[in-house]
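J.: Residue numbers for the sequence shown follow the numbering used here, so the first one is 11 and each next one is one higher. Cβ atoms here follow ideal geometry from the backbone N, Cα and C, with glycine treated the same way. Keep in mind the model is a prediction, meaning the values are calculated, not measured.
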Amino acid sequence: MRFAVRLIAMLVAITFPAWAQSAPPTWDQVERALGEFSELAPYVQQTSAAFRIGDPAAAQQAYDELCNRWQALPAEARASAQGLHPELSTWTYQGTMTGPNGQTWTRQATWTRDGDTVTREGSTTGPKGNTTTSSDTWTRDGNTVEHEGTTTLPDGRTVERESTTVKDGNTVTREATKTGPEGQTRTEEATWTREGSTVTKEGTITGPKGQTTTQEATWTKDGSTVTREGSTTGPKGNTTTSSDTWIREGNTVEHEGTTTLPDGRTVERESTTVKDGNTVTREATKTGPEGQTWIKDSTWTREGNQVNKDATITGPNGQTATQEATWTKDGNTVNREGQTTGPQGHSRTSTDNWTRDGNTVDHQGSTTRANGSTSTRQSTTTRGEGGVGRQGQRNRVPATTRSQSGGSFPRASRGGQGGAQRGAAPRAGGGRGRR
Numbered sequence: 011m012r013f014a015v016r017l018i019a020m021l022v023a024i025t026f027p028a029w030a031q032s033a034p035p036t037w038d039q040v041e042r043a044l045g046e047f048s049e050l051a052p053y054v055q056q057t058s059a060a061f062r063i064g065d066p067a068a069a070q071q072a073y074d075e076l077c078n079r080w081q082a083l084p085a086e087a088r089a090s091a092q093g094l095h096p097e098l099s100t101w102t103y104q105g106t107m108t109g110p111n112g113q114t115w116t117r118q119a120t121w122t123r124d125g126d127t128v129t130r131e132g133s134t135t136g137p138k139g140n141t142t143t144s145s146d147t148w149t150r151d152g153n154t155v156e157h158e159g160t161t162t163l164p165d166g167r168t169v170e171r172e173s174t175t176v177k178d179g180n181t182v183t184r185e186a187t188k189t190g191p192e193g194q195t196r197t198e199e200a201t202w203t204r205e206g207s208t209v210t211k212e213g214t215i216t217g218p219k220g221q222t223t224t225q226e227a228t229w230t231k232d233g234s235t236v237t238r239e240g241s242t243t244g245p246k247g248n249t250t251t252s253s254d255t256w257i258r259e260g261n262t263v264e265h266e267g268t269t270t271l272p273d274g275r276t277v278e279r280e281s282t283t284v285k286d287g288n289t290v291t292r293e294a295t296k297t298g299p300e301g302q303t304w305i306k307d308s309t310w311t312r313e314g315n316q317v318n319k320d321a322t323i324t325g326p327n328g329q330t331a332t333q334e335a336t337w338t339k340d341g342n343t344v345n346r347e348g349q350t351t352g353p354q355g356h357s358r359t360s361t362d363n364w365t366r367d368g369n370t371v372d373h374q375g376s377t378t379r380a381n382g383s384t385s386t387r388q389s390t391t392t393r394g395e396g397g398v399g400r401q402g403q404r405n406r407v408p409a410t411t412r413s414q415s416g417g418s419f420p421r422a423s424r425g426g427q428g429g430a431q432r433g434a435a436p437r438a439g440g441g442r443g444r445r
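#1: Beta-carbon within less than 6 Å of Gly260's beta-carbon, same chain only, minus the 5 sequence neighbours each way: which residues are those?
#2: Whole-angstrom Cβ separation of Gly375 and Asp362, contact assumed at under 8 Å?
#3: Should Gly267 be labelled buried (16 or more other beta-carbon atoms within 10 Å of its own) or exposed?
#4: If distances are taken between C-alpha atoms only, which option among Gly240, Ser241, Val277 and Thr230 comes closest to Trp256?
#5: Put Arg238 into one of helix, strand or coil per three-state DSSP.
#6: In angstroms with no decimal places, state the Cα-to-Cα distance between Ser253 and Thr276.
#7: Where does Asp126 land, buried or exposed, given buried means 16+ other C-beta within 10 angstroms?
#8: Take Asp286 and list the residues in its own chain whose beta-carbon comes closer than 8 Å to its own, dropping the five residues that flank it on each side.
#9: Who pairs with Arg446 in a beta bridge, going by DSSP?
#10: The beta strand (DSSP E) that contains Gln333, what's its start and end?
#11: Can you give me the start and stop residues for the beta strand (DSSP E) that His157 sits inside?
#12: Can you tell me which of the three DSSP states Asn363 falls into?
#13: Expressed to the nearest angstrom, what Euclidean distance is found between the alpha-carbon atoms of Thr114 and Asn248?
#14: Let me make sure I understand the geometry here. Which of Gly206, Gly382, Gln329 and Arg117 has the alpha-carbon closest to that of Gly136?
#15: Could you give the distance in angstroms between the alpha-carbon of Arg150 and the alpha-carbon of Glu156?
#16: Which whole-angstrom value is the C-beta distance of Gln225 and Lys211, which I expect to be below 8 Å?
#17: Apart from the five residues just before and just after Arg167, which ones in its own chain have a Cβ nearer than 7 Å to its Cβ?
#18: Please classify Glu378 as buried or exposed, where buried requires at least 16 neighbouring CB atoms within 10 angstroms.
#19: Does Asn318 come out as helix, strand or coil in the three-state DSSP assignment?
#20: In terms of alpha-carbon separation, which member of Lys188, Thr289 and Glu205 lies closest to Thr197?
#21: Rounded to the nearest angstrom, what separates Asp307 and Thr291 at their Cα positions?
#22: Nearest-angstrom Cα distance between Val284 and Pro299?
#23: Using only the alpha-carbon positions, how far apart do Thr359 and Thr324 sit?
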C-alpha cells in the first residue's frame, strides 16, 4: 500500500504538480489523462496492470518507462495534459526529524521553473552540523532534455551528475554519467523503442573500472494480457532472466512469474487478485530456489467511510504473521488503527490521525512495540501559492517515559481497489522523478 502512495505521488509530481497542491488525483484520473496520448498508452496500461495487482517490482519498471516517455513529449503536449492545472513556478520544502537521543536532521529544497528550465537547490544538515548541498538544472530544447547536477559533501568534495534524454519518433535514448568525489565515473546508456503494443529496452551500465552490466526487457500487451521478458548480465557474464504474465478476466487478475538465476535455480511467483463488490482479495505465493514457500493472503473491505484490511503471511516453516488495519474518514479527518502480530505472538500497534483545515494538514501518530517502547509522530503540512511547506519531528520514547511530540510525512489513506491509497502531496525528497 505504501508503494501505491509512492507511485501516485511521484507521477503527480511530474505530471500534475498543481494537483499536488490541492486535491491529489486518483490513479484512475491519471490513467485516463495520460492514456489519451498514443505515445503513452502502452506504458500507462503496463503500469496500471502491475499497480492494480500490487506487484511493486513490475510496477516500478513499467512506471520508469512511463516517466521517460512523458518527459520526452513536447512541451505543448504536456501542457495540454495539465489542462486547467498550470504548473506552479516554485515549490519549497522544509522538514525536521529528531532522533531518540535528541539528535536532529533538517532538510530543505526549492524547485523553480522558468520556461523550459527547472532548477533545484537543496541541503541536508546532520546532528553534528555537517551540511550536504545539492544543485540541479534540467533544460528542455525541443525533444531533448539536458540535466546537470552537483552534490557538495561536508568535506567539500563533490559528486557530479549529467544526462541527456532524446526522443526521436518511437525511440527514446538516455545517456547519463556520474562522477564520484575521487574522480571515479559510472555511465549509463539506455534505449526504449515502441512498435505497436510492444516496448523494448536495452541498457548498458559501465562502472569505474570498465566493468559492464547489460539489461534487456520487452513488454507486450495483447488484449487483456501483458507479458514481460527481461534479462540482466553482470560484469562476469552471469545472466539472470525473468518472465512475467498478467491476465485480466473480468474482475480477476492472474499473475505468474519466474526468475532464473545464473546457476539455473528459479524463483517462482504467482498471485490472484479478485474484486467482488466492496471487497478485494489477493492471494500470493513465492517459491524460492530451495523450494521454500511464502504465502500472503490479504483482504480489503469497504463499508461506508471505513476500509478494513486483514492479512496473513505464512513462512517456509509454517510460522505466521498477521496484519490488521482500519482506516476511517469522518469529514476532514482520517484515522488509522493497525496491529501486526509476529510468529512468536509479539504485537505492534499503531494509531494515526490526519486532520485537514483549509490548506493545512495536521498529523499525529504513535507506535507501541511489544517491549512497551513508543514512537510518536507529529507534523504539519501547508499548501499554498508559494509552494508546499512541512515541519515535523519524530521521537522514539522508552517504555518508562511518557510520549513526546515527533513527526513524519502525512499519508492520508483512502481505500481503493486492492486497498490502494490516494497519495498526499508528493515527498519533496523524491525530487524530479526520472528524466
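T.: With the given structure in hand:
#1: Position 250 of the sequence shown, counted from the start, is the residue given in the question as residue 260. No residues qualify anywhere along the chain.
#2: Counting from one through the sequence shown, the residue named residue 375 turns up at place 365. Counting from one through the sequence shown, the residue named residue 362 turns up at place 352. Indeed they touch by this definition, with Cβ atoms about 4 Å apart.
#3: Within the sequence shown, numbered from 1, the residue matching residue 267 stands at position 257. That one is buried.
#4: If you number the sequence shown from 1, residue 256 lands on position 246. Closest by alpha carbon: Thr230.
#5: Looking up residue 238 in the sequence shown gives position 228. Here Arg238 sits in strand by DSSP.
#6: Here residue 253 is taken as the residue at index 243 of the sequence shown, counted from 1. Here residue 276 is taken as the residue at index 266 of the sequence shown, counted from 1. Distance between the alpha carbons of Ser253 and Thr276: 11 Å.
#7: Position 116 of the sequence shown, counted from the start, is the residue given in the question as residue 126. The residue in question, Asp126, is exposed, as its Cβ has fewer than 16 Cβ neighbours within 10 Å.
#8: By one-based count along the sequence shown, residue 286 stands at place 276. Only Asn261 meet the Cβ criterion.
#9: This structure does not reach residue 446, given that the chain is present from 11 up to 445, and the question cannot be answered.
#10: The residue labelled residue 333 in the question sits at position 323 within the sequence shown. Unbroken beta strand (DSSP E) run through Gln333: Thr330 to Asp340.
#11: The residue you call residue 157 lines up with position 147 of the sequence shown. That run of the beta strand (DSSP E) goes Thr154 to Thr162.
#12: Position 353 of the sequence shown holds residue 363. Residue state, collapsed to three classes: strand.
#13: Counting from one through the sequence shown, the residue named residue 114 turns up at place 104. Counting from one through the sequence shown, the residue named residue 248 turns up at place 238. Their Cα atoms are separated by approximately 44 Å.
#14: Sequence index remark: in the sequence shown, residue 136 carries index 126 (1-based). Nearest C-alpha to Gly136: Arg117.
#15: Looking up residue 150 in the sequence shown gives position 140. Looking up residue 156 in the sequence shown gives position 146. So the two alpha carbons sit approximately 6 Å from each other.
#16: Translated into positions along the sequence shown, residue 225 becomes position 215. Translated into positions along the sequence shown, residue 211 becomes position 201. Right, their Cβ atoms sit about 7 Å apart.
#17: In the sequence shown, residue 167 corresponds to position 157, counting from 1. The answer, listed in chain order, is Pro191.
#18: Within the sequence shown, residue 378 is the residue found at index 368, counting from 1. Sequence check: residue 378 is Thr here, not Glu. Counting Cβ neighbours within 10 Å, Thr378 comes out buried, since at least 16 surround it.
#19: For this step, residue 318 is matched to residue 308 along the sequence shown. The answer is strand: DSSP assigns Asn318 an E or B state.
#20: The residue you call residue 197 lines up with position 187 of the sequence shown. Selected option, being the one with the closest Cα: Lys188.
#21: The count along the sequence shown starts at 1 and reaches residue 307 at position 297. The count along the sequence shown starts at 1 and reaches residue 291 at position 281. Distance between the alpha carbons of Asp307 and Thr291 is about 8 Å.
#22: Along the sequence shown, read from residue 1 onward, the residue named residue 284 stands at position 274. Along the sequence shown, read from residue 1 onward, the residue named residue 299 stands at position 289. If you take the alpha carbons of Val284 and Pro299, they lie about 28 Å apart.
#23: Stepping through the sequence shown from its first residue, residue 359 is reached at position 349. Stepping through the sequence shown from its first residue, residue 324 is reached at position 314. Looking at the two C-alpha atoms, the distance is approximately 20 Å.
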